[in-house]
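Residue numbers (my numbering), protein chains in the order written: chain A, 1 to 108; chain B, 1001 to 1108.
There are 2 protein chains.
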Amino acid sequence: MGATKTEVFTAEQNRLADLAKALAHPARIAILEHLMRTKSCICGELVDELPLSQATVSQHLKELSRVGLIKGNIDPPRVCYCINETVWTEAKTTLGLFFEAFTGNDCC
Amino acid sequence: MGATKTEVFTAEQNRLADLAKALAHPARIAILEHLMRTKSCICGELVDELPLSQATVSQHLKELSRVGLIKGNIDPPRVCYCINETVWTEAKTTLGLFFEAFTGNDCC
DNA sequence: ATTTTTCATCGTAATATTGCGATAATTGAT
DNA sequence: ATCAATTATCGCAATATTACGATGAAAAAT
């Protein structure tokens, strides 16, 4: 085993889990925070910013791209990354609705 | 390697990533949704609800407990689980603030 | 005392993630 | 054509996660 049984869950549950997975690493949080701070897009200065190798940073950027939270503009030899507003809003809304669905419990 | 370099990130970044990690599996999303739906606490009926073995469900419950999103009341031989309102609010707020910090970008 | 019920934990196998050095790939500049 | 700069990808090692059967632990009921 070791592989998640995605087939047995709904598309919504899988999507929410997938968005959360993209946020489930401090380096990716730091990358997104940096992209928010420097409104203009960022490329490889993230490597200077973070104590991680270029290869590792590139891998984290790939994971964020995979779920769509960021997008990159090729400006050779650079790649300018920035937050994808559409998916950002989707994530914000989806997670927001999820957390607001809880209205308190009696027991415990 | 294979281990996350937590030391080089802030406590806030690590905590946010850790909360996200707890949500980064559809089974755990399903568990939390079930706990929200059935306001009263739930124990092993999750095993009937989910197409996963008892051992696997227990492991997911442990992960949710680890970050504090749920808590359990021992009522032998049962264990009644429910959402931990304090941590739930923390997660909601932390993630909410994170997503709201983005105010749009120009490029890309 | 034994049985039953419920849940946690152990052990194990399969797969995924993290991290990095080395190597490609791309394109502008010389 | 070669070089420099930047980023992606490959290959590898270490560790983590997912999943499950089997076993253990706890306490009520017989």
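Yeah, the Cβ is synthetic: ideal placement off N, Cα and C, and Gly gets one too.
Whole-number beta carbon distance between residue j and residue i, since they are thought to touch under 8 Å
i	j	result
VAL1057 (chain B)	LEU1046 (chain B)	5 Å
ILE1074 (chain B)	LEU1035 (chain B)	No, ILE1074 (chain B) and LEU1035 (chain B) are not in contact; Cβ-Cβ is about 17 Å, not under 8 Å.
ALA1091 (chain B)	PHE99 (chain A)	7 Å
THR94 (chain A)	LEU19 (chain A)	7 Å
ARG28 (chain A)	HIS60 (chain A)	5 Å
Proximal residues of chain A, C-beta to C-beta of residue i below 8 Å
i	result
PRO1051 (chain B)	LYS5, VAL8
GLN1013 (chain B)	PRO26, ILE29, ALA30, GLU33
Contacts of residue i in chain B (Cβ-Cβ under 7 Å)
i	result
PRO76 (chain A)	Residues of chain B passing the Cβ test: none, with the nearest at roughly 16 Å.
ALA20 (chain A)	ALA1020, LEU1023, ALA1024
Beta-carbon gap between residue i and residue j smaller than 9 Å
i	j	result
THR1010 (chain B)	PRO51 (chain A)	no
ASN105 (chain A)	CYS1082 (chain B)	yes
GLY1096 (chain B)	ASN1084 (chain B)	no
ALA1024 (chain B)	ALA17 (chain A)	yes
THR1103 (chain B)	LYS62 (chain A)	no
beta-carbon residue i near the ligand ADP non-hydrogen atom, thresh 8 Å
i	result
LYS21 (chain A)	Absence of the ligand ADP from the depicted structure is noted, as is the absence of any ligand whatsoever, leaving it without description.
Residue i to residue j span [Cα, whole Å]
i	j	result
GLU1120 (chain B)	GLN13 (chain A)	Lying before the first or after the last residue shown, residue 1120 (chain B) is absent from chain B, which here runs from 1001 to 1108.
ARG15 (chain A)	THR1086 (chain B)	25 Å
ARG1066 (chain B)	ALA1101 (chain B)	27 Å
THR1004 (chain B)	ALA55 (chain A)	15 Å
ILE1031 (chain B)	THR1089 (chain B)	18 Å
ASP1048 (chain B)	PRO76 (chain A)	55 Å
ARG145 (chain A)	GLY72 (chain A)	An answer regarding residue 145 (chain A) cannot be provided, because it is not within the stretch 1 to 108 covered by chain A.
CYS108 (chain A)	CYS1080 (chain B)	8 Å
SER1131 (chain B)	GLU7 (chain A)	Past the boundaries of the shown model lies residue 1131 (chain B); chain B is included only from 1001 to 1108, so the question cannot be answered.
MET1001 (chain B)	GLY2 (chain A)	19 Å
DSSP-derived helix/strand/coil call for residue i
i	result
ASN1014 (chain B)	helix
LYS1039 (chain B)	coil
LYS1071 (chain B)	strand
Interface residues of chain A facing residue i [CB-CB closer than 7 Å]
i	result
GLY1104 (chain B)	GLU85
Contact list for residue i against chain B, beta-carbon separation under 8 Å
i	result
ALA17 (chain A)	LEU1023, ALA1024, HIS1025, PRO1026, ARG1028, ILE1029
Chain-ordered chain B contacts of residue i [CB-CB under 9 Å]
i	result
GLY96 (chain A)	LYS1092, LEU1095, GLY1096, PHE1099
LYS62 (chain A)	Ordered by position in chain B, no residue passes the 9 Å Cβ test against LYS62 (chain A), which lies about 17 Å from the chain.
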